[in-house]
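Take a look at the structure set out below.
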Amino acid sequence: MIQPIETTEAKPKGLKIGNIQLDVPFIQAALSGYSDRAMRQLAREFGCPLTLPGVMLDTTTVNPTVIRKGINAIGDDEHPIGGQIMGSTADVMAEAAKVIESLGYDFVDLNFACPVPKVLRRCRGGHLMSHPDELIEIFQRVRDAVKCPVAMKLRAGFDRNDEDMEHFWKICEMAADRGVDMLAVHGRTVIQRYKSFPDWSILAELKQRLPNTTIIGSGNLFSSKVIAQKLKQTGVDGALIARGAIGNPWIFPETKALMNDEPAPTPPTVEEQGDVILRHFNMMAEDYYGGKAIGMFRKFSVRYCRRHPEKNKVQVDLMAAESADELRAAIKKWYGVG
Ligand SMILES: Cc1cc2nc3c(=O)[nH]c(=O)nc-3n(C[C@H](O)[C@H](O)[C@H](O)COP(=O)(O)O)c2cc1C
Numbered sequence: 058m059i060q061p062i063e064t065t066e067a068k069p070k071g072l073k074i075g076n077i078q079l080d081v082p083f084i085q086a087a088l089s090g091y092s093d094r095a096m097r098q099l100a101r102e103f104g105c106p107l108t109l110p111g112v113m114l115d116t117t118t119v120n121p122t123v124i125r126k127g128i129n130a131i132g133d134d135e136h137p138i139g140g141q142i143m144g145s146t147a148d149v150m151a152e153a154a155k156v157i158e159s160l161g162y163d164f165v166d167l168n169f170a171c172p173v174p175k176v177l178r179r180c181r182g183g184h185l186m187s188h189p190d191e192l193i194e195i196f197q198r199v200r201d202a203v204k205c206p207v208a209m210k211l212r213a214g215f216d217r218n219d220e221d222m223e224h225f226w227k228i229c230e231m232a233a234d235r236g237v238d239m240l241a242v243h244g245r246t247v248i249q250r251y252k253s254f255p256d257w258s259i260l261a262e263l264k265q266r267l268p269n270t271t272i273i274g275s276g277n278l279f280s281s282k283v284i285a286q287k288l289k290q291t292g293v294d295g296a297l298i299a300r301g302a303i304g305n306p307w308i309f310p311e312t313k314a315l316m317n318d319e320p321a322p323t324p325p326t327v328e329e330q331g332d333v334i335l336r337h338f339n340m341m342a343e344d345y346y347g348g349k350a351i352g353m354f355r356k357f358s359v360r361y362c363r364r365h366p367e368k369n370k371v372q373v374d375l376m377a378a379e380s381a382d383e384l385r386a387a388i389k390k391w392y393g394v395g
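Heads up: the sequence shown begins at 58 in this note's numbering, then just goes up one per residue.
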């Protein structure tokens, strides 16, 4: 097992993805079912310099009806933003990347990390971690098809065995040789999905092997303290904040302050929490019709109420709401806003 390194070198505070320069070394991860406009907007307001919507299928992305309907459209105030695509053939992925670029996304991110069985069966996402030549062919075709930066999201191997680890290193080294603009690595294997602890020592070794490539790490980054600690221990360039940001946009200013050696921001009051919850829900209600926002917002409510002193009772009320009015009434009751 490779031991993580404790770096002593002072690193620049920001993060570089090709021609995109960020002032802090973290971004909000692509989170299917979560990182829609509302979550992205809050993240940005709270100081996260770059966000990603959930992954888009290459075949859907190139579909003219989808393009016409503007399903993958982004707001003018959302830059810089990455567009993540997933697929199994280089031709369609290259076409999809062109669409993403033409829609105004600032970089293309290739998903070779998704562990969902249906995705693997269709030879997409994490499946390609055990097919390095096909993966690199996709990367190269995309690289040649667009002018914007191209990044990749990887897992730390398909499975934890010698052959899969060889594939992992081959993928990373070939991508770096061919000018990948960022490698984002989730420190679990595809087989591990979200179980067991992510192996951050692989991230440390990756940064040592590829010092000139932007490397960002992902896996169990649930607090600013852990994020700062992982970056320091491994020497990677940045962090991908994923589940840690669900119902918790305060993680961004907390992390920024810690990394800049500034005092921690004052924790949000109950009323300030309520303002954010209400605004988040109102944005979702604008974007999703017919009560869909209520169901979708429950996943956020569960996380938001963790900061409330009476979280169990708040959770019961927020989860029980069946209409927008009921939810707003519950927010008013517990947070005093609305
Ligand atoms: C509900 C959910 C949806 C996700 N969707 C995506 C996605 O669309 N694209 C992607 O690259 N990763 C996706 N991920 C993986 C995360 O970006 C991240 O790498 C992973 O959750 C590990 O980080 P964490 O343990 O800090 O959450 C998703 C994870 C979750 C839990």
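Ideal Cβ positions, reconstructed from N, Cα and C, are used throughout, including at glycine. These numbers were taken from a predicted model, which means no experiment stands behind them.
Quick one: using the 10 Å Cβ neighbour count with 16 as the cut-off for buried, is residue i buried or exposed?
i, result
"Gly347", "exposed"
"Lys356", "exposed"
"Ser380", "exposed"
"Glu262", "buried"
"Pro268", "exposed"
"Met58", "In this prediction, Met58 scores a pLDDT of 45, lower than 50, which makes its location untrustworthy; the coordinate-derived value is nonetheless stated afterwards. Classification for Met58: exposed."
"Glu158", "buried"
"Ser253", "exposed"
"Ile37", "This structure does not reach residue 37, given that the chain is present from 58 up to 395, and the question cannot be answered."
"Leu375", "buried"
"Ala321", "exposed"
"Lys264", "buried"
"Gly104", "buried"
"Cys180", "exposed"
"Lys287", "buried"
"Thr122", "exposed"
"His243", "buried"
"Gly132", "exposed"
"Ala67", "Bear in mind that a pLDDT of 49 at Ala67, under 50, signals an unreliable position, so the number given afterwards is only what the model happens to contain. Exposed: under 16 other Cβ atoms inside 10 Å."
"Tyr162", "buried"
"Tyr91", "buried"
"Asp221", "buried"
"Arg235", "exposed"
"Asp294", "buried"
"Asn218", "exposed"
"Asp190", "exposed"
Short of 7 angstroms in beta carbon distance, which residues of its chain neighbour residue i, apart from the five on each side in sequence? Order them along the chain.
i, result
"Phe169", "Gly182, Gly183, Leu185, Met186, Leu192, Met209, Lys210, Leu211"
"Gly71", "Gln78, Leu79, Asp80, Val81, Pro82"
"Val394", "Glu328, Gly331, Asp332, Leu335, Ile388"
"Gln118", "As written in the sequence, residue 118 is Thr, which differs from the Gln given in the question. Taken in chain order, the residues that qualify are Asn129, Ile142, Ala153, Val156, Ile157."
"Ala147", "Glu194, Ile195, Arg198"
"Leu99", "Pro306, Val333, His337"
"Val203", "Ala154, Lys155, Glu158, Val165"
"Val149", "Asp115, Thr116, Val119"
Ordered along the chain, which non-local residues of its own chain (more than five positions away) have a Cβ less than 6 angstroms from that of residue i?
i, result
"Ala44", "Not covered by the structure: residue 44. The range shown for the chain is 58 to 395."
"Val176", "Gly182"
"Met231", "Ile193"
"Arg364", "Gln330"
"Ala206", "For the record, residue 206 in the displayed sequence is Pro; it is not Ala. So the list reads Ile74, Gly75, Phe164, Asp238, once near-sequence residues are dropped."
Along the beta strand (DSSP E) that carries residue i, what are the first and last residues, could you check?
i, result
"Ser275", "272-275"
"Val207", "207-212"
"Val165", "164-169"
"Ile142", "139-143"
"Ile308", "Here Ile308 belongs to no beta strand (DSSP E); instead the alpha helix (DSSP H) covers 308-316."
"Met239", "239-243"
"Gly295", "295-298"
"Phe83", "83-85"
"Ile77", "77-79"
"Ile74", "72-74"
Starting from the C-beta of residue i, find all residues in its chain whose C-beta is less than 8 angstroms away, skip the five residues before and the five after it, and write them out in chain order.
i, result
"Ile351", "Ala378, Glu379, Ser380, Ala381, Leu384"
"Gln372", "Ser358, Val359, Cys362"
"Met341", "Asp93, Ala95, Ala350, Met353, Phe354"
Would the beta-carbon of residue i be found less than 7 angstroms away from any heavy atom of ligand 3?
i, result
"Asn339", "Ligands in the displayed structure: ligand 1; ligand 3 is not one of them."
Output the boundary residues of the alpha helix (DSSP H) element that contains residue i.
i, result
"Ala151", "147-159"
"Ile124", "121-126"
"Ala261", "257-266"
"Phe103", "Careful: Phe103 lies outside any alpha helix (DSSP H) and carries neither H nor E."
"Ser280", "Counting along the chain, Ser280 falls outside any alpha helix (DSSP H), and DSSP gives it neither H nor E."
"Pro189", "189-202"
"Asn369", "368-377"
"Val176", "174-178"
* Kindly confirm or deny that the segment 308-328 and the segment 279-286 touch, where touching means at least three C-beta pairs closer than 8 angstroms. => Output reads yes: the segment 279-286 touches the segment 308-328.
* To do: Specify whether the segment 262-273 and the segment 190-205 touch according to this definition: at least 3 beta carbon pairs, one from each stretch, less than 8 angstroms apart.
  => Verdict: no, contact absent.
* Determine, using beta-carbon pairs with one atom in the segment 221-239 and one in the segment 150-159, whether at least three such pairs fall under 8 angstroms. => As far as the Cβ criterion goes, the segment 221-239 does not touch the segment 150-159, which means the pair count is below three.
* Would you say the segment 294-309 touches the segment 83-103, given that touching needs at least three Cβ pairs under 8 angstroms? -> Touching, yes.
* Entirely enclosed beta strand (DSSP E) segments - the segment 325-356, minimum 3 residues -> Listed in chain order, there is nothing to give.
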